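Below is one structure, written out as structure tokens, with a few remarks after it.
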Amino acid sequence: MATAITLAPLLRQSVGFDRLSDLFESALHNEPCTCYPPHNIERYGDDHYRIVVAAAGLSADDLDLRIEKSVLIVCGGERSADAGATYLHQGIAHGAFRLVFHLADHIEVQGATFENGLLIIFLLRVVPDEIRPRHIKINSPGDGPDRRQIDQH
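Numbering (my numbering), first residue to last: 223 to 375.
Written as structure tokens, this is what we have:
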């Protein structure tokens, strides 16, 4: 039995969150859960993030990072298996992969490193001054612009 989930109660008192709604809809209906390769999404303080991807057997040249419209895409090629080996147990996955991370507004990729089989992607939230919280003065009649002046601009 499928359960219908709606974001209407959350969006009733929100403006401009259409992209968030679309992201949830997409996650619920289209995108399969990707568990390969193993990865962490880490937060450090309020504005610093890292994505750590375990890419065993790959080199930096086997990996591709790109950003398309606030979507970070991490792709990896298939690592070469030993053709002469007969596996009694094969616990190390070695297929090609594609990970997709939807970045929130104002999240920027600062760089990436690859060391000891771990791809580490550094992200930073950069909030412009225009949207930082600010105090708005409430004027009394005669203190500031009246409604007619605001409507004319």
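Backbone N, C-alpha and C define an ideal beta-carbon position, used for all residues, glycine too.
Predicted model, so just to flag it, every value in this text is computed and none were measured.
**OP:** Going by CA-CA distance only, name the one from Ala278, Asp269 and Val274 that's closest to Gly313.
**Re:** Distances from the CA of Gly313 to each of Ala278, Asp269 and Val274 were compared; the closest alpha carbon is that of Ala278.
Original post:
If you run the structure through DSSP and keep just helix, strand and coil, what is Tyr271?
Top reply: Residue state, collapsed to three classes: strand.
Original post:
Does DSSP classify Glu352 as helix, strand or coil?
Top reply: It is helical.
Subject >> Other residues of its chain near Ile343: CB distance less than 6 Å, five sequence neighbours each side excluded >> reply: Excluding residues within five positions, the ones whose Cβ falls inside 6 Å are Ile273 and Ala334.
**OP:** Please specify which runs of the beta strand (DSSP E), each continuous and at least 3 residues long, are wholly inside the stretch 280 to 336, giving them in chain order.
**Re:** Within the stretch 280 to 336, the complete beta strand (DSSP E) runs of at least 3 residues fall at 285 to 289, 293 to 298 and 319 to 324.
Original post:
Based on the DSSP output, what are the partners of His261 in its beta bridges?
Top reply: DSSP output for His261 lists Val275 as bridge partner(s).
**OP:** State the DSSP-derived secondary structure class of Ile342, mapped to helix, strand or coil.
**Re:** Strand.
Subject >> Member of Leu341, Leu346 and Asp351 whose CA lies at the smallest distance from the CA of Leu287 >> reply: Considering only alpha carbons, the answer is Leu341.
**OP:** Please say whether Leu325 and Leu346 have beta carbons closer to each other than 7 Å?
**Re:** Not closer than 7 Å, so no.
**OP:** Measure the alpha-carbon distance for Gln374 versus Gly364 and round it to whole angstroms.
**Re:** Interpretation of Gln374 is limited by its pLDDT of 48, a score under 50 that renders its predicted location unreliable; no figure is taken from the coordinates.
Subject >> Burial state of Val296, where buried means 16 or more other Cβ atoms lie within 10 Å >> reply: The residue is buried, with at least 16 neighbouring Cβ atoms inside 10 Å.
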